[in-house]
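For reference, the structure discussed in these notes is given below.
2 protein chains.
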Amino acid sequence: MSKPKVTYFDVNGGRAEPIRLAFFIGGIEFEDDRFPYADFAEVKKRTPLGQVPTLEMDGQIITQSNAITSYVGKLAGLYPNDDFQALLCEEIMCSIEDVTTRIVGTFGLDGEALKTAREKLLNDYLIPHLKWLESKLSGNDYFIESRLTVADLKVMAHLGWMQSGMLEHIPNTAIAQHTPALNTYFSKLRQHPKITEYYQNH
Amino acid sequence: MSKPKVTYFDVNGGRAEPIRLAFFIGGIEFEDDRFPYADFAEVKKRTPLGQVPTLEMDGQIITQSNAITSYVGKLAGLYPNDDFQALLCEEIMCSIEDVTTRIVGTFGLDGEALKTAREKLLNDYLIPHLKWLESKLSGNDYFIESRLTVADLKVMAHLGWMQSGMLEHIPNTAIAQHTPALNTYFSKLRQHPKITEYYQNH
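Sequence order for the protein chains is A and B.
The first sequence lines up with residues 1159 to 1360 when you count with our numbering.
The second sequence lines up with residues 1159 to 1360 when you count with our numbering.
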């Protein structure tokens, strides 16, 4: 197997973050190919469907972040073996893609239009989704099989984004305010030894 | 295992169609719970995240169509065993969700705004996606492992929608015109004995 290459924006977050983390936690060497946002117009000319992240492996360039995350999760031992547990893992990951797409759909708006769209998004989708996630967690430290899986890595990147303050009109207190148990989970997860180790260098 | 229940609009297509087909082809009994579009406002009150399709199984209600499709595909023997092939299968399925979300994003528009949005969608996303699918097929009868998988069922439902004439400003000749090999694949796929058998009753 050739050394896999992950291509994505030069940011510690977003759709590539669970992939990078899974490679790192699984102890699998990979090329972390990062590019500045300004280069996206150029990069997308050579990626399938003009999308990132991509995984380049064995001469193929593969798109679709959840597909890649699950695959790398399998390589890294961070994916459920049981098919029903895999269903629950994929359900969480797909739900994050859903809300991510909705957030990205508000990019490009500004002023009052942005404020209105973001507040509606927060109330209609983001908060209900946080509450749904919290209900799925039901007090555990991990979403699936009481162990770290790619579902946790995907959730962590999403919660990190929501709490970053980068999303105007999405208060970075929303998680703590509406879903305190999910917030506690998030704090604990970031103290996972391998995750702490990863972020010492990123 | 209790008899699984699939809840979705009463339509032979959309996000539940690959799930229903996978159950049928796999010879697994399930409850095909269909409701008229007019009831969606009521149905969504009792589905997680207000979404359909859902799969109800062993007392749990699960959302996210690709997660469910892959799971039922595994039960039905329509999912790759090899992890890398599963990645390629998921890549195709996720790409269909991507374009589906973009099409759904144009619902609610009308008149000139709908026309402009649909024509842009067709040129910027739908046709490039069709061409990408055709390249992935590379002349085979099936997308993955030279056998029927859920990737084919997902693609079939999507192509059926695009060709239905229900999507105003998306010409139902687009597939044949831009991707003749994909169109041939589509015609052959609908003649698969189990698929033909299913549609004799639907």
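Just so you know, even glycine gets a beta-carbon here, dropped at the ideal spot from N, CA and C.
Between residue i and chain A, is there a C-beta pair that is closer than 8 Å?
i: Glu1270(B); result: no
i: Asp1310(B); result: no
i: Ile1220(B); result: yes
i: Leu1179(B); result: no
i: Asp1241(B); result: yes
i: Ala1225(B); result: yes
i: Tyr1229(B); result: yes
i: His1287(B); result: yes
i: Lys1232(B); result: yes
i: Leu1405(B); result: There is no way to answer for residue 1405(B), as the model of chain B reaches only from 1159 to 1360.
i: Leu1340(B); result: no
i: Leu1236(B); result: no
State the Cα-Cα distance for the pair residue i and residue j, rounded to the nearest angstrom.
i: Phe1301(A); j: Glu1187(A); result: 26 Å
i: Ala1196(B); j: Arg1305(B); result: 38 Å
i: Asp1241(B); j: Asp1216(B); result: 27 Å
i: Glu1270(A); j: Phe1167(A); result: 29 Å
i: Glu1292(B); j: Leu1347(A); result: 42 Å
i: Pro1206(A); j: Tyr1283(B); result: 12 Å
i: Gln1218(B); j: Arg1204(A); result: 42 Å
i: Leu1288(A); j: Thr1337(A); result: 7 Å
i: Ile1250(A); j: Thr1259(A); result: 14 Å
i: Gln1243(B); j: Ala1225(A); result: 11 Å
i: Lys1273(A); j: Gln1321(B); result: 38 Å
i: Ser1296(A); j: Ser1253(A); result: 17 Å
i: Phe1198(B); j: Asp1268(B); result: 22 Å
i: Lys1278(A); j: Glu1200(B); result: 21 Å
i: Asn1239(B); j: Arg1178(A); result: 24 Å
Give the single residue among the options whose Cα lies nearest to the Cα of residue i.
i: Ile1328(A); options: Leu1340(A), Gln1349(A), Tyr1343(A), Leu1280(A); result: Leu1280(A)
i: Gln1335(B); options: Pro1286(B), Pro1176(B), Val1201(B); result: Pro1286(B)
i: Val1313(B); options: Lys1294(B), Gly1323(B), Thr1331(B); result: Lys1294(B)
i: Glu1214(A); options: Ala1339(A), Ser1296(A), Lys1161(A); result: Lys1161(A)
i: Gln1222(B); options: Leu1245(A), Gly1235(A), Glu1355(A); result: Leu1245(A)
i: Lys1352(A); options: Phe1182(A), Phe1265(A), Asp1310(A); result: Phe1182(A)
i: Asp1190(B); options: Ala1199(B), Lys1202(B), Val1210(B); result: Val1210(B)
i: Tyr1356(A); options: Lys1163(A), Leu1272(A), Gly1171(A); result: Gly1171(A)
i: Ala1174(B); options: Thr1354(B), Asn1341(B), Thr1342(B), Leu1311(B); result: Leu1311(B)
i: Leu1340(B); options: Val1257(B), Trp1290(B), Ala1199(B); result: Trp1290(B)
Return the chain-ordered list of same chain residues with a C-beta closer than 8 Å to the C-beta of residue i, the five sequence neighbours on each side being excluded.
i: Leu1325(B); result: Ile1261, Arg1276, Trp1319
i: Gln1349(B); result: none
i: Val1257(A); result: Tyr1283, Leu1284, His1287, His1316
i: Thr1354(B); result: Arg1348
Determine, using beta carbons only, whether residue i comes closer than 8 Å to chain B.
i: Trp1319(A); result: no
i: Glu1249(A); result: yes
i: Thr1354(A); result: no
i: Pro1162(A); result: no
i: Leu1207(A); result: yes
i: Ser1304(A); result: no
i: Thr1258(A); result: no
i: Leu1284(A); result: no
i: Ser1322(A); result: no
i: Ser1296(A); result: no
i: Leu1279(A); result: no
i: Leu1245(A); result: yes
Note down, in chain order, each residue of its chain lying with its Cβ closer than 6 Å to the Cβ of residue i, except the 5 sequence neighbours on either side.
i: Gly1231(B); result: Ala1180, Tyr1237, Val1308
i: Lys1202(A); result: Gly1208
i: Thr1212(B); result: Thr1165, Thr1205, Ile1219, Thr1221
i: Gly1263(B); result: none
i: Lys1163(A); result: Glu1189, Asp1191, Glu1214
i: Val1169(B); result: none
i: Thr1342(B); result: none
Counting only the same chain and skipping the five closest in sequence on each side, list residues whose C-beta sits under 7 Å from that of residue i.
i: Gly1323(A); result: Asn1330
i: Asn1298(B); result: Ser1304
i: Leu1317(B); result: Ile1333, Phe1344
i: His1360(A); result: Asn1170
So residue i and residue j are in contact, right, with Cβ under 8 Å, and what is the actual spacing, rounded?
i: Glu1255(B); j: Ser1228(A); result: Contact flag wrong, Cβ pair sits at about 14 Å.
i: Ala1234(A); j: Gly1184(A); result: 2 Å
i: Ala1315(B); j: Pro1194(B); result: Not a contact, Cβ separation roughly 20 Å.
So with CB distances below 8 Å, who are the chain D contacts of residue i?
i: Ser1253(A); result: As a matter of chain content, chain D is missing from the structure shown, whose protein chains are A and B.
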